[in-house]
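Chains as they are written, first to last, in the numbering used here: chain A, 2 to 206; chain B, 2 to 206; chain C, 2 to 206; chain D, 2 to 206.
We treat Cβ as the ideally placed atom computed from N, Cα and C, and that holds for glycine.
All of these numbers come straight from a predicted model, not from anything done at the bench.
Structure first, commentary second.
There are 4 protein chains.
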Amino acid sequence: MTNLVTDFKAQMALARRNQILQGAAQVFAEKGFHKATTKQIAKTAGVSEGTIYNYFKNKRELLFALLDMVGTQPLQSIVHEAPPNDPRAFLTTLMHNRYQLLKTHGPLLAPIMAEIFTDSTLRSEVYDMLIVPMAKLVEQYFQTQVDDKRFRSINVMIITRTLVGALSFNMIFKLSNIDPRYAQISEDEMIEEIVTLFLDGILAT
Amino acid sequence: MTNLVTDFKAQMALARRNQILQGAAQVFAEKGFHKATTKQIAKTAGVSEGTIYNYFKNKRELLFALLDMVGTQPLQSIVHEAPPNDPRAFLTTLMHNRYQLLKTHGPLLAPIMAEIFTDSTLRSEVYDMLIVPMAKLVEQYFQTQVDDKRFRSINVMIITRTLVGALSFNMIFKLSNIDPRYAQISEDEMIEEIVTLFLDGILAT
Amino acid sequence: MTNLVTDFKAQMALARRNQILQGAAQVFAEKGFHKATTKQIAKTAGVSEGTIYNYFKNKRELLFALLDMVGTQPLQSIVHEAPPNDPRAFLTTLMHNRYQLLKTHGPLLAPIMAEIFTDSTLRSEVYDMLIVPMAKLVEQYFQTQVDDKRFRSINVMIITRTLVGALSFNMIFKLSNIDPRYAQISEDEMIEEIVTLFLDGILAT
Amino acid sequence: MTNLVTDFKAQMALARRNQILQGAAQVFAEKGFHKATTKQIAKTAGVSEGTIYNYFKNKRELLFALLDMVGTQPLQSIVHEAPPNDPRAFLTTLMHNRYQLLKTHGPLLAPIMAEIFTDSTLRSEVYDMLIVPMAKLVEQYFQTQVDDKRFRSINVMIITRTLVGALSFNMIFKLSNIDPRYAQISEDEMIEEIVTLFLDGILAT
DNA sequence: TATGAATGAGATTTCATTCAT
DNA sequence: TATGAATGAAATCTCATTCAT
Chain A
2 MTNLVTDFKA QMALARRNQI LQGAAQVFAE KGFHKATTKQ IAKTAGVSEG
52 TIYNYFKNKR ELLFALLDMV GTQPLQSIVH EAPPNDPRAF LTTLMHNRYQ
102 LLKTHGPLLA PIMAEIFTDS TLRSEVYDML IVPMAKLVEQ YFQTQVDDKR
152 FRSINVMIIT RTLVGALSFN MIFKLSNIDP RYAQISEDEM IEEIVTLFLD
202 GILAT
Chain B
2 MTNLVTDFKA QMALARRNQI LQGAAQVFAE KGFHKATTKQ IAKTAGVSEG
52 TIYNYFKNKR ELLFALLDMV GTQPLQSIVH EAPPNDPRAF LTTLMHNRYQ
102 LLKTHGPLLA PIMAEIFTDS TLRSEVYDML IVPMAKLVEQ YFQTQVDDKR
152 FRSINVMIIT RTLVGALSFN MIFKLSNIDP RYAQISEDEM IEEIVTLFLD
202 GILAT
Chain C
2 MTNLVTDFKA QMALARRNQI LQGAAQVFAE KGFHKATTKQ IAKTAGVSEG
52 TIYNYFKNKR ELLFALLDMV GTQPLQSIVH EAPPNDPRAF LTTLMHNRYQ
102 LLKTHGPLLA PIMAEIFTDS TLRSEVYDML IVPMAKLVEQ YFQTQVDDKR
152 FRSINVMIIT RTLVGALSFN MIFKLSNIDP RYAQISEDEM IEEIVTLFLD
202 GILAT
Chain D
2 MTNLVTDFKA QMALARRNQI LQGAAQVFAE KGFHKATTKQ IAKTAGVSEG
52 TIYNYFKNKR ELLFALLDMV GTQPLQSIVH EAPPNDPRAF LTTLMHNRYQ
102 LLKTHGPLLA PIMAEIFTDS TLRSEVYDML IVPMAKLVEQ YFQTQVDDKR
152 FRSINVMIIT RTLVGALSFN MIFKLSNIDP RYAQISEDEM IEEIVTLFLD
202 GILAT
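This is the structure we're talking about:
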């Protein structure tokens, strides 16, 4: 068997794997992890139930595989994209980047988030894959700014979590339809408001 | 049948209802909603499976009932407890209050949170019951401060969600064991750091 | 709840358990363990599939439970029934007893025997439950006879297994329809032939 | 196409067939018939799953084919090898021969035996292939000895089954590890004990 | 002929809910 | 009202077999 054939087969396998993942993503997004049945996933993906198990050990592995898809999102570049001496630009860029990530993968992340509260393995995985990279990046950035006296003395760990939580919460409100008032605010406005808060606080000057 | 007897019966029924809810709370906290079985709940509560269905329509209603228990937490008092002209005191008091709430009900809230991502009814209920009261309170407070020129002009809606998100995220980190560094920070320190951020921002002066 | 009620319930439970075991026995006998489905067993027993699992942890436990039924067969009495000084009577009685056991439980033992070759746990259980008691009894009897000089010096372990094997094999032939010639031989004749072989050997005198 | 080519092809096909059977034998021996998967057999044999079905109609045919391999064991020669007038030599030779057969094919015979209890076709086949040839041979030998007055008058059919059962049972004990005491007895001793029993019985003289 | 991906029927097991006592 | 045995739908996963390449 030549390499060409091998490559072709590998391509096909990858395509089929993705086909299944797409189906799983869709059904998970619609029904959540538990109410999504393998039968439904198979039907949506256009394969038989058995085929799913040729590519994934079990239903849970589908969730992990989907997480991997989301997790492999570039983040490091932000450090270089934004001018290092302009914290406003940095934070703004970072937040837009995360917003786009959630906008893209939001429906998929919901069932993953749901499982997080129950499944400690998944919890660790999400933490290591989605939280840690961002947190580390932001912490380091904050520390640098503190060292350079551009930021006052802060607990970078807490402030970082504060940032992540603040952003996440607002994103969820903006991307969901919970509060209709959010529809009237643009992504830019929302992010600017948060950035300004972090930089200047809310006290009148 | 006299009122006395009726009352006694009602009391018994209420007691039995609570008994069941205690059992459900415990098992939900341990196993999460889906892996909690009614058999297990019945055993933990010390009743039979059938009895559960005399007090609750189905397993899902147990979750809603538990949410009601958590939701009926006093919050309004904070406004009066803290001096209205001292935003730092207000925010600090508020945050401690919420922290205590999560500390008390955290294990029970986890399975509820997990279901939120799947169950839109539950989502609305949690939103109306836990988020809205706090959000409304904080929004009003913020608006007052803005009107009184103590706060600069802000989008109170966004800043409020930012506050809630920031606090929630930090609380989760502190109450879980995800990041060991959080163990070395006291509740007071954590809340102070967040409050200061909100009031002053992070820029060096 | 009075003891009467408890007893009644226990009786019912035992009856239901037996009802299921009867169904399992029948289906196992017809189809063998692997081809017997729980659905079929449930139908035959006249209960729902779920009910089976209220009484037995899994399908395999049905097999073990059936084995227990077969295993609890009296054997010790033989020692006392037969005159101790009459080896011919002892062996004859023993063999008839075992023959009756197999005649009664044969169809049920077949699927158990089949699993023995695959399932080492079952193998041990059958060995301990069916082989060991008989073997021990016979070995002791043989040893006594040797000590009393009624038997020549023999390896009681081997001779015992020889006896068990010899009897088992003949019983299987007699109870199955493999060899039609066996139909023309009575149980008495068969056992007498074997007993005489053991006592006298086959050499012409 | 010449005969040479045809022959070559036939040789290849036979080789491939054997290759598959070797794999099947190994996996059946390890896992038993039911737990052996065609995937595992294919891997062990070094072929693809599909190829198996080019040579065998289904998984069950593999078992039958393996049985054929075991069954084609020479036995007739024994009659000529052992001095006809020396029953002890004859029985001893016969038993050693069967013991070697089981020693060689034992692991493979186990899964076959397991299926016997369920599969009547297999049962007949094993009977015709393994039991009948030996039984017939032994029966004839016994009859001759009876006719020659070297053996007393016996039911050759029963005594033959007795012999086969006696030997089989002891062999299984010796080849398995069920009873550790069997490890301390040599093959020679075991067989001699059985032979002596058959010839002389166990009564003290 | 060889491959191995795809199939899909079918099996075991779980568990929320019902209902006769 | 309390019980808990019975239910049976439904879900996951396995694996012998097929078939396009």
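Do you know offhand how far residue i's Cα is from residue j's?
i, j, result
"A/L164", "B/M70", "31 Å"
"A/I195", "B/Q185", "28 Å"
"B/E82", "A/I173", "32 Å"
"A/R18", "D/N171", "55 Å"
"A/M2", "D/M13", "Bear in mind that a pLDDT of 49 at A/M2, under 50, signals an unreliable position, so the number given afterwards is only what the model happens to contain. One C-alpha to the other measures close to 20 Å."
"B/L43", "B/F57", "Note that residue 43 of chain B is Ala in the sequence shown here, rather than Leu. If I take the Cα positions, the gap works out to 12 Å."
"D/I21", "D/M191", "36 Å"
"B/H97", "B/V139", "14 Å"
"B/Y183", "B/S177", "9 Å"
"B/Y49", "B/T94", "It should be noted that the sequence gives Ser, not Tyr, for residue 49 of chain B. Straight-line Cα distance between these residues: approximately 43 Å."
"B/P112", "B/F199", "30 Å"
"D/P181", "D/R89", "28 Å"
"B/K150", "A/A205", "7 Å"
"A/S154", "A/V147", "6 Å"
"D/H25", "A/R162", "The question names His, yet the displayed sequence has Ala at residue 25 of chain D. Looking at the two C-alpha atoms, the distance is approximately 59 Å."
"D/T7", "D/A167", "48 Å"
"D/N156", "C/K40", "47 Å"
"B/F118", "A/F34", "10 Å"
"C/K60", "C/L68", "13 Å"
"D/K207", "D/Q23", "Outside the shown range of chain D, which is 2 to 206, sits residue 207 of chain D, and nothing can be said about it."
"A/L64", "A/D120", "11 Å"
In chain D, which residues lie less than 8 Å from residue i when you measure between Cβ atoms?
i, result
"C/T7", "Here the premise fails: no neighbours, minimum Cβ distance about 41 Å."
Along the chain, where does the alpha helix (DSSP H) that runs through residue i open and close?
i, result
"C/A97", "One detail in the question is off: residue 97 of chain C reads as His in this sequence, not Ala. Start and end: P88 to I117."
"B/P134", "V133 to D148"
"D/A34", "Just to set this straight, residue 34 of chain D is Phe in the shown sequence, not Ala. Taken as a continuous stretch (DSSP letters only), D/F34 belongs to no alpha helix (DSSP H), as it is neither H nor E."
"D/G202", "Per DSSP, D/G202 belongs to no alpha helix (DSSP H) and is neither H nor E."
"A/R162", "V157 to L176"
"C/Y128", "Per DSSP, C/Y128 belongs to no alpha helix (DSSP H) and is neither H nor E."
"C/A66", "K60 to G72"
Run down chain B in chain order and give the residues with a C-beta less than 8 Å from the C-beta of residue i.
i, result
"A/L204", "P88, R151, F152, R153, L200 and D201"
"A/A115", "A115, E116, I117, F118 and T119"
For residue i, return the contacting residues in chain A, with the cut-off set at a CB-CB distance below 7 Å.
i, result
"B/V165", "F170"
"B/I179", "Y128"
I need the DSSP call for residue i, collapsed to helix, strand or coil.
i, result
"D/F152", "strand"
"D/V28", "helix"
"D/H186", "According to the sequence shown, residue 186 of chain D is Ile rather than His. Residue state, collapsed to three classes: coil."
"A/I53", "helix"
"B/D120", "coil"
"D/P84", "coil"
"A/I179", "coil"
"D/I21", "helix"
"B/V48", "coil"
"C/M2", "Residue placement at C/M2 is poorly supported in this model, since its pLDDT is 49, which falls under 50; the coordinates still yield a value, given next. C/M2: coil per DSSP, three-state reduction."
Strictly below 9 Å CB to CB, what residues from chain C border residue i?
i, result
"D/A111", "F118 and T119"
Find the residues of chain C that neighbour residue i, judging by a C-beta separation of less than 7 Å, and give them in chain order.
i, result
"D/F174", "R162"
Next item on the list: Check each residue of the region 125–158 of chain C: if its Cβ is closer than 7 Å to any Cβ of chain D, include it; give the result in chain order.
Entry: Y128, K150, R151, F152, R153, I155, N156 and M158
Notebook entry, point to check: Taking any Cβ of chain B, which residues in the region 33–62 of chain A have a Cβ under 9 Å from it, in chain order?
Noted result: G33, F34, H35 and K36
Notebook entry, point to check: In the region 182–200 of chain D, which residues sit with their C-beta less than 9 Å from some C-beta in chain C, listed in chain order?
Noted result: R182, Y183, I186, E190, M191, E194, I195, T197, L198, F199 and L200
Check: Going along the chain, which residues of the region 8–22 of chain A sit with their C-beta nearer than 7 Å to a C-beta in chain B?
Finding: none
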